[in-house]
Structure formats: C-alpha cells, structure tokens
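Chemist: Okay, here's the structure, questions in a sec.
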Amino acid sequence: MRKLVIDCATEACSVALIDDGELIAGEFALLGRGHAERLVPMISALPEKGRADEIAVDIGPGSFTGIRVGLAAARALGLAWSARVTGFESLSLVAAMALAKQPGRPVDVCMTGGHGEWFFQPFSADGSPLAPLTSLAPDVAASRTIAGLIAGSQAIALASRCPGAVALDIRPDARQADLLDDRAFCADPRPSYGRAPDARLPSAA
Numbered sequence: 001m002r003k004l005v006i007d008c009a010t011e012a013c014s015v016a017l018i019d020d021g022e023l024i025a026g027e028f029a030l031l032g033r034g035h036a037e038r039l040v041p042m043i044s045a046l047p048e049k050g051r052a053d054e055i056a057v058d059i060g061p062g063s064f065t066g067i068r069v070g071l072a073a074a075r076a077l078g079l080a081w082s083a084r085v086t087g088f089e090s091l092s093l094v095a096a097m098a099l100a101k102q103p104g105r106p107v108d109v110c111m112t113g114g115h116g117e118w119f120f121q122p123f124s125a126d127g128s129p130l131a132p133l134t135s136l137a138p139d140v141a142a143s144r145t146i147a148g149l150i151a152g153s154q155a156i157a158l159a160s161r162c163p164g165a166v167a168l169d170i171r172p173d174a175r176q177a178d179l180l181d182d183r184a185f186c187a188d189p190r191p192s193y194g195r196a197p198d199a200r201l202p203s204a205a
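Structure representation (structure tokens):
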C-alpha cells in the first residue's frame with residue numbers, strides 16, 4: 001500500500017511517498033515559516049504527484065499554522081483521491097527517529113513550544129509514551145527528565161541542564177515515518193496543540 005506522509009507541524013516541512021515500507025521519494029526543508037507556500041509544490045514534485053492509498057499527517061504539537069496547513073492538505077487530498085487519512089504526533093516521530101540512532105534505551109523528547117515553554121514527553125525504549133505530552137517551562141522540564149537520551153529541537157538546551165545526558169538535535173521528518181509503530185497512527189486526525197489556547201471566548205453575560 002502506498003502512503004503519502006505530510007509533516008509541517010514544526011519549523012521543519014517534509015513530505016514522503018512510502019510504498020510497503022520502502023521510501024520512494026521525499027523532501028525535507030527547515031523553513032521556520034512559509035509552510036503553506038512550500039507544501040503543495042513539495043507534494044506535486046513526488047512521483048504521480050504524491051497520489052497514495054493512505055495519507056498520514058503530523059497533527060502536532062507545534063505551530064498552529066503549520067498544523068492547520070498540513071491537516072487541510074491531507075483532508076483535501078484524501079477527499080480527492082478517496083484515500084484514508086490518518087494522523088501521528090510530532091514527538092512520537094522524533095522519539096522513533098532517536099531510537100533508530102540510539103536503540104535500547106528510553107528517550108525524553110523536548111521540542112519548541114509557545115511563550116518560552118517546551119513540549120516534553122518521555123518514551124520507553126520501544127517508542128511507547130510513558131506519560132502524556134506536557135508544555136513546561138524549561139526549569140520544570142529539566143526537573144522532569146530522567147532519561148539519559150534527549151531528542152528534539154530543544155534537546156541541546158535541555159541536555160545542558162542535565163549533566164551526562166546525550167542530546168540529539170532532531171526535527172520530525174516525513175521520510176522517517178515508517179519507523180513509527182502502527183499504534184502511533186490515529187484515524188480521524190485532529191489538531192494536537194499541546195497547550196491551552198492563548199485567547200478565550202468571552203463568557204456569556
């Protein structure tokens with residue numbers, strides 16, 4: 001089965017076409033901004049314009065805009081191609097990528113969040129989450145980490161507060177999505193923002 005993977009929830013933007021576990025083609029770019037302008041051309045550059053039986057998309061946490069852009073593209077293509085759309089979380093993919101480099105040990109994933117906070121989640125050596133995703137101040141994240149391996153966009157910053165920890169500066173990459181266990185994918189994907197919204201609707205009078 002051919003799968004199109006879309007990942008633009010963080011500062012990275014990547015796409016991949018995977019057929020029965022084999023990477024056919026893909027592209028990765030560290031953009032920061034401009035995901036909406038780059039994503040569709042990246043998909044169009046894939047063989048057969050990325051057409052696939054399944055579309056897997058990163059649902060976050062990460063950038064509000066990036067998450068929405070990825071989900072909108074996945075849903076639109078899924079409708080056009082009658083393809084199944086599934087979702088996965090960015091920290092789960094980073095954990096899987098880290099464990100491919102450093103197998104057999106737990107890993108704490110630490111990614112850039114909002115308002116100076118970091119997204120933090122610990123994973124076991126088999127890639128299963130050990131606790132729910134949280135958005136923490138850096139000092140609190142440092143008090144929570146117990147794994148000797150830290151991965152993610154804030155791995156180096158967190159490891160500097162944890163003597164002896166190994167840091168892997170990793171961003172989620174769609175080309176590595178086949179490292180994820182089937183349990184990491186969810187049906188009917190919805191945004192995972194990782195923290196409460198900054199703005200709230202006014203209470204009814």
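Under the numbering used here, the first residue of the sequence shown carries the number 1, and numbering increases by one thereafter.
Glycine included, C-beta positions come from ideal geometry on N, C-alpha and C.
1) To the nearest angstrom, how far is the alpha carbon of Ala199 from that of Glu27?
2) So, with DSSP's three-state summary, where would you put Ala125?
3) Expressed to the nearest angstrom, what Euclidean distance is found between the alpha-carbon atoms of Val166 and Leu79?
4) What did DSSP end up calling Gly26 once you bin it into helix, strand or coil?
5) State buried or exposed for Ile146, treating a residue as buried only when at least 16 other CB atoms are found within 10 Å of its CB.
6) Would you kindly check if the distance between the Cβ of Cys13 and the Cβ of Ala25 is under 9 Å?
7) Could you tell me if Pro61 is buried or exposed, where buried requires 16 or more neighbouring beta carbons within 10 angstroms of its beta carbon?
8) Using only CA atoms, which one of Ala137, Asp139, Leu149, Ala177 lies nearest to Phe123?
Modeler: Well, looking at it:
1) Note that Ala199 has pLDDT 40, beneath the 50 cutoff, so the model's placement of it is unreliable and the number below is only indicative. In this model, Ala199 and Glu27 are separated by some 35 Å (Cα to Cα).
2) Three-state result, Ala125: coil.
3) Per the coordinates, the alpha-carbon of Val166 lies some 43 Å from the alpha-carbon of Leu79.
4) Residue state, collapsed to three classes: strand.
5) It counts as exposed.
6) For the pair Ala25 and Cys13, the CB atoms are not nearer than the 9 Å cut-off.
7) Result: buried.
8) Nearest of Ala137, Asp139, Leu149, Ala177 to Phe123, Cα basis: Leu149.
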